[in-house]
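This report concerns only the one structure given below.
Residue numbers (full-length UniProt numbering): 1 to 418.
In structure tokens:
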């Protein structure tokens, strides 16, 4: 017998599932996207033990007939496309027919669904990819999918799940990223019966309030730009509001949440020197292009795409954000008290300080220099156990705060002789 063997169907399904389903958050993402494609305007996500116990997604979408429900878990069974050419114009979140099949292969799944034209619904039970039963049942219009015992038959994958807190963070992140892309849909998320997130169908800025909070939403600027090849809408933060990571940036191509280094660089380029190095703006940017110009069949999770005119689109993103940042009142001129030191004789043992007001407009290089000085002073304080550090003339370093591209002295310690 030769060394090369054809794997059995069950092994093939488990391996394939590993490409799509990495953790409970992956299940939430795939099922929520199915609900979006079903035309739902209300989606409820309920998990127990951060998804390790159970995951329940309920929507009020179009539902499935009995025949469709019986095929829904079969690999590559889909209502989204009919032939390979359809991928070129696909506008739905899913299209491969892999999500429910992958989930069913590594969990126990129950589907309850009903169309508005039927008097009763259908209940389907699948265990490890095998159909256990299909029966008529009472149900409201729409679909409910319950996933229990995720990874029960792939113990290695289950072993490497993180703590409940970490897995729940991933679920919250997924829902927080999907909701702004579909702000016409109401989302709610519960863990162990406790509501964690609720985003009502509303304008995008209202959705940002629900997801990020009112303080952040208040500091967001609208972005709107349209050309022959792209339409860009969304919100970006003022330069004074930044984060130390990219976690607060969400990009959408035709309402699909994606990861894109190119768009991220285009966004950062728009800010230029308005924000310090190592800081990143908050952004929710929705980009609409001709579906024929987007290849969504790049990654198993569909969170990466290829754009036919990526360079041109990124240039338009930079321009759109720069337009939003160009408001004349974005970074107003500020007047900061500056200190003029008038020394008396050393015998007097004191200093008189007179305050004047002047425009404070340091260059970016000056800002960077002052920040480096402040950082060095902080490090020296730590190295000397908190002892006060003095400059050569006996002046302590001031506390500083970055305001966009400006640096403002918050407090200036009293001067002392050495």
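Just so it is clear, CB atoms sit at the ideal spot from N, CA and C, and this is done for glycine as well.
Note that the coordinates shown come from a computational prediction; the quantities given were computed from them, not determined experimentally.
Check	Outcome
Cutoff 6 Å; reference residue 188; Cβ partners in own chain excluding five residues on either side	44 and 198
C-alpha gap between residue 81 and residue 295, whole angstroms	For residue 81, the predicted structure reports a pLDDT of 47, less than 50, and the residue's modelled location is therefore unreliable. A value from the coordinates is still provided. Near 15 Å, if we compare the C-alpha coordinates of residue 295 and residue 81.
Own chain partners of residue 146 with C-beta closer than 6 Å, once the 5 adjacent residues on each side are dropped	56 and 110
Test item: CB-CB of residue 107 and residue 152 under 8 Å	yes
Pairwise C-alpha distance: residue 277 and residue 222	24 Å
Which of helix, strand or coil DSSP assigns to residue 220	strand
Length of the line joining the Cα atoms of residue 50 and residue 191	6 Å
Whether residue 250 touches residue 177 by CB criterion (8 Å)	yes
Helix, strand or coil at residue 68 [DSSP, three-state]	helix
Cβ pair count under 8 Å reaching 3, the segment 120-128 against the segment 137-146	yes
Every unbroken beta strand (DSSP E) within the segment 257-302, with a cutoff of 3 residues, ordered by chain	283-288
Simplified DSSP state of residue 175, which is helix, strand or coil	helix
Own chain partners of residue 70 with C-beta closer than 7 Å, once the 5 adjacent residues on each side are dropped	124 and 134
Alpha helix (DSSP H) runs contained entirely in the segment 118-205, provided each spans 4 or more residues	155-159 and 164-181
Residue 194 classed as buried or exposed, judged by whether at least 16 other C-beta atoms fall within 10 angstroms	exposed
Three-state secondary structure (DSSP) of residue 52	coil
Meets three-Cβ-pair contact criterion under 8 Å: the segment 259-278 and the segment 216-234	no
6 Å Cβ shell around residue 285 - same chain, five flanking residues per side excluded	234 and 251
Burial state of residue 210, where buried means 16 or more other Cβ atoms lie within 10 Å	buried
C-alpha distance - residue 236 paired with residue 196, whole-angstrom precision	25 Å
Endpoints, beta strand (DSSP E) assigned at residue 237	231-237
Straight-line gap, residue 52 to residue 29 (C-alpha atoms, nearest Å)	15 Å
Cβ neighbour criterion (16 or more within 10 Å) applied to residue 34	buried
Residue 239 versus residue 220 - alpha carbon distance	10 Å
For residue 242, the residue or residues it bridges with in DSSP	281
Boundaries of the alpha helix (DSSP H) in which residue 319 is found, first to last residue	310-325
Endpoints, the beta strand (DSSP E) within which residue 101 is located	No beta strand (DSSP E) contains residue 101, which is instead part of the alpha helix (DSSP H) from 99-105.
Among 313, 315 and 303, nearest to residue 174 - alpha-carbon criterion	303
Burial state of residue 327 (16 or more Cβ within 10 Å)	exposed
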